[in-house]
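In the working numbering, the protein residues as written are 4 to 437. By construction, the Cβ of each residue, glycine as well, lies at the ideal position given by its N, Cα and C atoms. Here's the structure we're looking at; comments come further down.
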Ligand code: URA
């Protein structure tokens, strides 16, 4: 077999065998297939796609290219959650303690932010002292004793995906359904859960801009999960505007804590309840979604979920006083108000532009190794459907560098569309694929 033959076969729209996919992927990981041939292969997949069986093999090969985490010593079903990435998406910070406080163990490996989307690990690091790297033993121990651990992905989790993703990122081959689905699912399979709940974002701030392509991506991921024997379900959720009212790092932790206190924005709380209900059902904590929703809402109302978050912070060496004193979160005191250029209703928001605006302030990374500023971010005062007067603030930027402020503010003003008529409201969950 030669890389050339496999590239040509895919280029000519033929189906690849497991051996051919393995030859390319592992050859690339081992350095036997050079970047230029792998890039050509990825471009061939981009245009010709992969069928269900090819995706299944690609996922399996990438998952097994590194550590396969064994969670079997933790009693009960382990259910993971994954979001395809959005703006203001602090769901894990709220959802993990909520479901853990309902008796479902959470052994979570999360990522860092890249581009216009944020990452859970960066957000958690804005809690003073919080450690996002634990030894394997400590990670397992915390889940067994406390029912919760949230850490960064280990370096050897699906290394084939890591290497291929870096190449996709520079060769315009990220946004292809087979490649996205196998990339995400390879990491989920390697992370060892028994069940997987996927939050597939759809809208201006997501990879998938329309419901049709989001449904196709969800279908591809659910099929891969099920074929690997994992109970898998996907919710299609709205990302036509940021989730909640904050975008950044420390500022999103603040909002997550408020949400756990029952004082958060409705879209965030509802999304956590919907994702959590699917997790509790798969995890057999609840037999149906309605009772799962009730259990989750009561975990917030009784303060159980908030106490679980306090416990998570303590067992990962963070300062849990942030729960009672939000001023311990370092949010930049330098603020700038972005004003509405006209009166009317917020008709739409370009969530991607708002994500980029936050990144420009320093809250996100342009390149993988960039250092980010955890103290900056955006506080939205107006979202889709809200009435607004000319000159009224749309949002507040927390910034630290005057230089970065102007570009960010210009971007955000362009992200809002204000019209004379009130737009129709959109539900946070737009569909379910199972
Ligand atoms: N997230 C991933 O992990 N992989 C992709 O390909 C896209 C988003």
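What number of angstroms, rounded off, separates the C-alpha of residue i from the C-alpha of residue j?
i, j, result
"residue 174", "residue 293", "45 Å"
"residue 387", "residue 418", "11 Å"
"residue 192", "residue 83", "10 Å"
"residue 414", "residue 432", "28 Å"
"residue 120", "residue 367", "7 Å"
"residue 315", "residue 391", "40 Å"
"residue 302", "residue 223", "33 Å"
"residue 275", "residue 12", "44 Å"
"residue 298", "residue 355", "34 Å"
"residue 137", "residue 106", "22 Å"
"residue 155", "residue 348", "40 Å"
"residue 389", "residue 425", "8 Å"
"residue 41", "residue 69", "19 Å"
"residue 255", "residue 383", "12 Å"
"residue 246", "residue 378", "19 Å"
"residue 398", "residue 263", "23 Å"
"residue 18", "residue 4", "15 Å"
"residue 158", "residue 146", "20 Å"
"residue 203", "residue 209", "9 Å"
"residue 94", "residue 278", "9 Å"
"residue 350", "residue 422", "6 Å"
"residue 273", "residue 334", "26 Å"
"residue 324", "residue 339", "28 Å"
"residue 284", "residue 236", "11 Å"
"residue 253", "residue 362", "14 Å"
"residue 322", "residue 244", "32 Å"
"residue 486", "residue 113", "Residue 486 lies beyond the stretch modelled for the chain, which goes from 4 to 437, so this question has no answer here."
"residue 214", "residue 357", "21 Å"
"residue 258", "residue 99", "15 Å"
"residue 79", "residue 108", "8 Å"
"residue 381", "residue 170", "31 Å"
"residue 261", "residue 46", "45 Å"
"residue 266", "residue 329", "13 Å"
"residue 374", "residue 97", "25 Å"
Could you please give me the residues that DSSP links to residue i through a beta bridge?
i, result
"residue 436", "237"
"residue 152", "110"
"residue 390", "348"
"residue 200", "84, 236"
"residue 382", "249, 399"
"residue 211", "205"
"residue 341", "398"
"residue 420", "351"
Quick one, which of the options has its alpha-carbon nearest residue i's?
i, options, result
"residue 28", "15, 14, 60, 17", "60"
"residue 104", "151, 171, 235, 126", "151"
"residue 110", "335, 37, 198", "198"
"residue 178", "383, 212, 382, 66", "212"
"residue 24", "137, 242, 53, 277", "53"
"residue 168", "402, 255, 379, 31", "31"
"residue 240", "321, 73, 90, 22", "90"
"residue 440", "436, 322, 113", "No statement about residue 440 is possible, as the shown extent of the chain runs from 4 to 437 and does not include it."
"residue 319", "49, 134, 250", "134"
"residue 15", "33, 48, 71", "48"
"residue 128", "404, 88, 337, 331", "331"
"residue 216", "195, 188, 181", "181"
"residue 327", "295, 403, 285, 309", "309"
"residue 341", "126, 376, 411, 300", "411"
"residue 429", "269, 329, 345", "269"
According to DSSP, is residue i helix, strand or coil?
i, result
"residue 220", "helix"
"residue 287", "coil"
"residue 140", "helix"
"residue 399", "strand"
"residue 35", "coil"
"residue 117", "strand"
"residue 128", "coil"
"residue 228", "helix"
"residue 172", "helix"
"residue 431", "coil"
"residue 99", "helix"
"residue 269", "helix"
"residue 93", "coil"
"residue 17", "coil"
"residue 295", "helix"
"residue 78", "coil"
"residue 62", "helix"
"residue 312", "helix"
"residue 319", "coil"
"residue 243", "coil"
"residue 438", "This structure gives no information on residue 438, because the portion of the chain shown stretches from 4 to 437."
Determine, using beta carbons only, whether residue i comes closer than 7 Å to chain C.
i, result
"residue 420", "The structure shown contains no chain C; it holds only a single protein chain."
Collect the residues with a C-beta less than 5 Å away from any heavy atom of the ligand URA and give them in sequence order along the chain. 183, 186, 187
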